[in-house]
Amino acid sequence: MKGSFVIGKIKGIEIEINLSWLIIFGLITFMMATNFFPQNYPDISPIIGWVLGSIMAILMLLSILLHELSHSIVSINQGIEVKKITLFIFGGIAQLDKEPDNPIQELKIALAGPAMSLLLFLIFTFIYNFLGYLGVESYLIAPLIYVSSVNLIIVLFNMVPAFPLDGGRVLRALIWHFQGSLQKATKVTSSMGNIFGYLLIFLGLYIVFNGNVLNGIWFVFIGWFIKQLSESSYQNTIMTDLFTKIKVSTFMSKNVISVGAHLSIEALVENYFYKYKYTSFPVIETDRVIGIVTVENIKTLNRDEWDRTIVRNIITPINNDLIVYPEDNVSSAIKKIFQNGIGRVLVMDGETLTGIVSRTDILNYIRIHSQLEE
Ligand SMILES: [Zn+2]
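Just so you know, we're using the numbering used here here: the sequence shown kicks off at 1 and counts up by one.
As structure tokens, this is what we get:
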């Protein structure tokens, strides 16, 4: 996510905090220090208010992190890699490498987060009751009561059966399991996500018009976010499902135009880029593909170097992110296309170049498919 920094790694998962989270962190601390403590405990020093406020904000951050970690660890146990957890203004996101393969997997991963939050709610409730029993000052206990209720709110909010919230994933897993169709399950639960999003937006507007502007806007934003997320993840699931069923060999473009490694850049630009209007070409040397040459590669040269430089000197050498095999499915090609930054992958049958899959091919396919099948 843009504007994020990595704070560490747990079990190989990068933990990243988005700058937007700092707003929430600041807001919680500020509200506690300037509002809650002075009003309820006028006798304590302002510094203690700020310290307790920030400790509370950190405990909330940790609660969200543990919720996401819990999803992630179950996911890794189910064989789905998790690269990153991002904490941002609306909570946290664990970035799973792929969608679950079956409903049972999905159910386990989805329930893991709320189960952790429920456990945290019970732990914090126990701690503040225990401290109260020991006679600890109530201004020290108050932040813990907040943290425990935040965890309960996380459970309740996430268990709303609206995809892609955890509850929506649980419901999707159940429909998927009992009806056998991932597409149908995703369609039902993401339209509930859409409805829930709109409900929050209307609720937010209602709150705004009743005078509580800040809280209202907050609801509107969360609602809008959930609505967006449910729409894009629906598209995503449907497309992933579609593209896992198609093999690269049937999808690829077969008439590949490649260039010789010893051609001058002058000739490359004139006879290939301007002629065929592609943004990159595979490069061949003695019948073998040695890399790809792109517009970006050419931009590393000055204009006056074009006639005395050959293609070989500026290519992006062949690597695993640039090639797929005819038997691979299209979704693995898409993954590489978005990873390699070149916008296309070469299809290799052993040593021979047999085809190419480009981002434009994928986008056109999606456009055609969505017009014909809706
Ligand atoms: Zn969750």
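Where a beta carbon is used, it is the ideal one built from N, C-alpha and C, also for glycine.
query                                                                                                            : result
R172 classed as buried or exposed, judged by whether at least 16 other C-beta atoms fall within 10 angstroms     : buried
Start and end residues, beta strand (DSSP E) containing F88                                                      : 82 to 88
For Q105, three-class secondary structure by DSSP                                                                : helix
With 16 other Cβ atoms within 10 Å as the buried cut-off, status of S181                                         : exposed
C-alpha distance - I314 paired with H369, whole-angstrom precision                                               : 38 Å
3 or more residues per run - each beta strand (DSSP E) lying fully within the segment 90 to 149                  : 91 to 96
Heavy atom of ligand 3 within 8 Å of E231 beta-carbon                                                            : With respect to small molecules bound, the structure shown includes ligand 1 and not ligand 3.
Proximity below 9 Å, CB of D321 to CB of N340                                                                    : yes
Close beta carbons around I80, own chain, < 7 Å, minus the five adjacent residues each side                      : L96, D97, K98, P100
Per-residue burial, N194 [other beta carbons within 10 Å of its own, 16 or more giving buried]                   : buried
Opening and closing residue of the beta strand (DSSP E) in which T68 lies                                        : The identity of residue 68 in the sequence shown is Glu, whereas the question assumes Thr. Run containing E68: none in the beta strand (DSSP E); it sits in the alpha helix (DSSP H), 46 to 77.
C-beta atoms of I64 and L27 nearer than 9 Å                                                                      : no
Anticipated Cβ contact below 8 Å, I201 with W224, distance rounded                                               : 6 Å
Length-filtered (4 minimum) alpha helix (DSSP H) runs lying within the segment 293 to 366                        : 295 to 299, 330 to 340
Given 8 Å, three or more beta-carbon pairs between the segment 132 to 145 and the segment 40 to 51               : yes
Close-in-space but distant-in-sequence residues of the same chain around G291 (CB under 7 Å, 5 per side omitted) : V283, I315, T316, P317, I318
K11 versus V74 - alpha carbon distance                                                                           : 12 Å
Distance cut 6 Å, beta-carbon to ligand 1 heavy atom: residue list by chain order                                : H67, H71, G113, N158, D166
Within 9 Å, strictly: CB atoms of F273 and I310                                                                  : no
Three-state class that DSSP yields for K282 in the structure shown                                               : Per the sequence shown, residue 282 should be read as Pro rather than Lys. P282: strand per DSSP, three-state reduction.
Of the listed residues S253, S258, P326, nearest to N364 (C-alpha basis)                                         : S253
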